[in-house]
Amino acid sequence: MNVTTRPSLGDSRLAERLRRETQGEVLFSAADRGRYATDASIYQIEPYGVLVPRNLDDVQAAMTLCREEGIPVLPRGGGTSQCGQTVNRALVLDCTKYLRGVIEVDAAAQRARVQPGVTLGALNDALKQHGLFFPVDPSTWQRCTIGGMAGNNSCGSKSIRYGLMADNVTAIDALLADGSRFTFRDLPDNLGGDIPAPTAELIQRLRALGAREAEEIAARFPHQLRRVGGYNIESLTPAARAEGRGNLARLLVGSEGTLAFSAALDLKLWPIKPRKTLGICQFPTFRAAMAASQHLVTLNPEAVELVDRTMIDLGRSIPIYRATIDRMVKGEPDSLLIVEFHGHDEAPLLQALDRLEEMMADLGYPDAVVRATEAGFQAAIAEVREAGLNIMMSMKGDGKPVSFIEDCAVGLEDLADYTERLNDVFAKHGTKGTWYAHASVGCLHVRPVLNMKDGEDVRKMRVIAEECFALVREYKGSHSGEHGDGIVRSEFNEPMFGSRIARAFEEVKDNFDPNALLNPGRVVRAPKMDDRTLFRYAPEYTADAAITPALDWSDYPGPLGGLLSAVEMCNNNGTCRKFDANVMCPSYRATRDEQHLTRGRANTLRLALTQQIPGALASDEVAEALKLCVSCKGCKRECPTGVDMARMKIEVLAARAKQHGIGWRERIIATMPRWARWASLFPPTANARNWVPGLAALAESLLGIAAERSLPRFVWNAFHDDELRAPDGREREVILLPDAFNRYYEPENLRAAARVLRAAGYDPAVARPAYGTRPLDDGRTLLSAGLVDRARDEAHRTLAALSHYASPVIGIEPSSLTTLRDEFLALLPGDASRALAARAFLLSEFLEREKAVLALKPVHGEAHIHGHCHQKAFGAFPPAVALLKRIPGLTVTPITSSCCGMAGAFGYQAETLATSKAMGELALLPAVRAAAPAAFIVADGTSCRHQIADLAGRPALHSVRLLERALA
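This note's numbering puts the first residue of the sequence shown at 501, with every later residue one more than the last.
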């Protein structure tokens, strides 16, 4: 790289070159660079820009360009690194959008070839049909990529059985820094003439290094399964080749993108063991659990995983995990060890649990094992375990468990003493550690609670690291047992391995990459781990004092009324990148863009709130990041740290509305509950846009409402409040809350709700406003336009009308009813809002909660039910399914899907129409089309029903209509 002047960050000339010379997506704006400046570590380093390559030609072109321009290259997968290896002053290559294929599966040979951007979850989904799986299973398996796992030498909970990535990668098709390409694999001592001369010379130099340093490697490398620090130069030694461990792919595994770009990886596959049992061992003290680990592994388990008291308590505080944690514990244990047994037959697995209980009794802990033999319970436990890191990070405030010593590994015989002494180190420095993960291999994730905004705590971090690594050396352990080196541990490779090995690591780097093109400063020649100029919270990091939040964020301590702290709850671990049966994050699932991801949005907001993006919340960059957010609230429930992007979007909309005003389309939609009662008096006129030729096209031209969409139709017989009496607090009274959508478009749903409530023995009423005649309004449509003050006025009206009664408040539209349980608390914080939220229920949720008796007649057939996002976010979808399952003769099947894609006005907007369709096509619409023609399609969300009708051509019912049909 003989270049005297490097391009600047976001250099437009460099971006233009990339656009000309590649087919990839070129992301060079300040916001894009900011979104790729962080990973799940404490660091933030702004890249020159980002390329999302569509193919390997793009990668090769980018590497050539970077050589010519004198800038480094950083390959990146899911960006879930804990140590800072996926941030650098470089051109970032995001491999996750397009380079994610499973190239080949050879089931007979139990081998697969994959592209680097495929996630472990997607790979194992593809392998199921062959009865095979890839066994290295980090907790981030749903979103971590195989390329990233190889870069890290990832491990997972089952390493005691299957080893590390280095043991399961058989070949890497590598692009080298000089532009050459070679497949690093198991090669004979005599390389032969088919290998290009420069590559052969490289291999010979590497092997010569291995022979020269063999004795030093044997003396200095810890004899631990979990050693992923430095380069795997032990694979270069004559002894390794003699033992069959000289595969050159092992050298690239764990190199953190510093030696080569992995174009494709060959993987070793394993047969799926279809059955498993879990025993959750309860211990009165943390030390007791540590001491027991060395004995429990003698039972030949698949894994032994630790859950400490902090994780138990934090897990219970998160609604999605509370019930699972409660089932996992007996009494109040201090620590748990989850012992897994896998196999093909149930009987031996149950016998293994018997032996586990016997051993626990022998250790002095009788009746201290909770058995988990049901698949559902096991899956829930796995979800808690996999979310361990994020559960730990759910602490509110600036003090957080910090990753810098978290995966040291020692022998099991030393584990109890090592952990006790490390806890003493934490106490000496005025902090404590949180512990979880891999007790079976002596690699426990431990994070001291520190404030990385505080210079004194940063000083403590270094002191604790040095004292911890001294302990690790004393116990002949490994200072880097799973998450790699990155910035946080690379500088410690020399004190841990010695100067001679450190120079050997540098020699490997220089042989592969003499001009430091590939992710420089990682593994070798690293910066100081406590260099605050590299931190996410650098010394100059401060909130923009000019920002005044529109909502209440006082649950979060910190600047801007708590708003900044709420945004900072995102730890960048990327749970929102998952593709599973839940909701989060529909816009990412449809686009696979970091910008349209909960994590990407949180980073954008954090930068805007701290003056790193000009214009603060009202900026175009922030608006663009939030453009495809459908406010599904999936992140509110599924993000383990509780990032509530739907509420944050209201803040952005409010800032935009205040600074720029709102357009006519937004104003019309926002005020719909006000004018709809007049429109319902003249339905043919109000619905003219749907049937008069040319009006739909005109509406798209003037308002941006997609012409191909049919709008909801007003009807003559809108629901009126006087159809039910006013509340008076009588016995078994419930207050039905008519929402604007069902009131004016589908009033038969509200009437059905009243009938079902009566059949269940309740006396429904409708509350009238305390003043005026306009029906009550939850303010949902106003919030969607950022008109927070007007929404607050509507909340006042609703509270005034409902606060006089203690009767349960029942709704049938999820987005409307959950506003009382969520946004009202941020609009009008206080006892009145909390009391209302506590007695506001969706109809099915209420009837199931009260175990209401309904006399139902058979309805023969099938019902496929789709859950509204807000139903799922508040745990109200299972009751809807359970209530329908009461109907005799009806087979009820929940549709596994994320957001339907309509999301209020989102699906009607011309500019978001394509994304709306893409969201629906991910799962919901194919499932609806596949349902039998006579089957009922059920959806409680008005938007969901319209999306299904528009794009699948099937009518969908509200569940209350099906219940009404079944009333005896």
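Note that the Cβ used here is the ideal one computed from N, Cα and C, for glycine as well.
Worksheet item: S508: buried (16+ other C-beta within 10 angstroms of its C-beta) or exposed?
Response: exposed
Worksheet entry | CB of H844 within 8 Å of CB of P774, strictly | yes
Item to complete: Give the DSSP bridge partners of L1257, in chain order.
Response: According to DSSP, which records beta bridges pairwise, L1257 is partnered with nothing at all.
Fill in: D854 to M860 span [Cα, whole Å]
10 Å
Worksheet entry | Exposed unless 16 or more other CB atoms sit within 10 angstroms - verdict on A719 | exposed
Worksheet item: If you check the beta carbons only, do E802 and K658 fall under 8 Å apart?
Response: yes
Worksheet entry | Burial state of T798 (16 or more Cβ within 10 Å) | exposed
Worksheet item: Which word fits F1182, buried or exposed, when buried means at least 16 other C-beta atoms lie within 10 angstroms of its C-beta?
Response: exposed
Worksheet item: Cα-Cα, which of G779, S835, L814 is closest to T785?
Response: S835
Discussion item. Relative to the C-alpha of A1434, which candidate in P1455, G1441, M952 has its C-alpha closest?
Written reply: P1455
Practice prompt. With a 10 Å radius around its C-beta and 16 neighbouring C-beta atoms as the bar for buried, classify T1319 as buried or exposed.
Written response: buried
Worksheet item: Got a sec? Which residues, its chain only, sit under 7 Å from N951 by beta carbon, not counting five neighbours each side?
Response: D898, G899, D957
Item to complete: Between the Cα of A1252 and those of S1344, Y975, P738, E857, spot the shortest distance and give me the residue it belongs to.
Response: S1344
Worksheet item: Around the Cβ of I733, are there at least 16 other Cβ atoms within 10 angstroms (buried) or fewer (exposed)?
Response: buried
Discussion item. Quick test of your reading: E1138 and N1082, contact by CB under 8 Å. State the CB separation rounded to the nearest angstrom.
Written reply: 5 Å
Worksheet item: Can you check whether the CB of G584 is closer than 8 Å to the CB of T596?
Response: no
Practice prompt. Report the three-state DSSP secondary structure of G1420 (helix, strand or coil).
Written response: helix
Worksheet entry | Rounded straight-line distance, which links the Cα of R809 to that of A868 | 16 Å
Worksheet item: Rounded C-beta distance between T1104 and R685? I'm assuming under 8 Å.
Response: Actually they do not touch by this definition, with Cβ atoms about 42 Å apart.
Worksheet entry | Straight-line Cα distance separating P1394 from R1429 | 15 Å
Practice prompt. Check the DSSP bridge columns for P575 and list the partner residues they point to.
Written response: L593
Item to complete: Whole angstroms is fine: what's the gap from T646's alpha carbon to I891's?
Response: This sequence places Ile at residue 646; Thr is not what is there. Approximately 24 Å, taken between the alpha carbons.
Discussion item. Applying the 10 Å Cβ sphere with the 16-neighbour rule, what's the burial state of W935?
Written reply: buried
Worksheet item: For I1150 versus G1286, is the C-beta spacing smaller than 8 Å?
Response: yes
Item to complete: Would you mind stating whether L1017 and A1414 have Cβ atoms separated by less than 8 Å?
Response: no
Practice prompt. Check the DSSP bridge columns for T683 and list the partner residues they point to.
Written response: D673
Worksheet entry | DSSP three-state assignment for S607, whether helix, strand or coil | Sequence check: residue 607 is Ala here, not Ser. Reduced to three states, the DSSP call for A607 is coil.
Worksheet item: Where do the ends of the alpha helix (DSSP H) carrying Y1244 lie?
Response: 1240-1244
Worksheet item: Which partner residues does D1263 have in the DSSP bridge list?
Response: E1233
Worksheet entry | Neighbourhood of R885 by C-beta, 6 Å cutoff - its chain only, sequence neighbours within 5 removed | E805
Worksheet item: In this structure, what does DSSP give as the bridge partners for N951?
Response: G899
Worksheet item: Using the rule of at least 16 other Cβ atoms within 10 Å of the residue's Cβ for burial, across every protein chain shown, is N588 buried or exposed?
Response: buried
Item to complete: Output the distance between the C-alpha atoms of M501 and C781, rounded to the nearest integer angstrom.
Response: Reliability of the predicted coordinates at M501 is poor, the pLDDT of 46 falling under 50, and the value obtained from them is presented with this limitation in mind. Near 57 Å, if we compare the C-alpha coordinates of C781 and M501.
Practice prompt. Drop a sphere of 10 angstroms on the beta-carbon of T1033, count the other beta-carbons inside from all chains shown, and report buried for 16 or more, exposed for fewer.
Written response: exposed
Fill in: Contacts around P1173, its chain only, beta-carbon distance under 7 Å, and the 5 residues preceding and following it disregarded
A1240, D1277, T1281
Worksheet item: Grouping DSSP H, G and I as helix and E and B as strand, with all else coil, what is E874?
Response: coil
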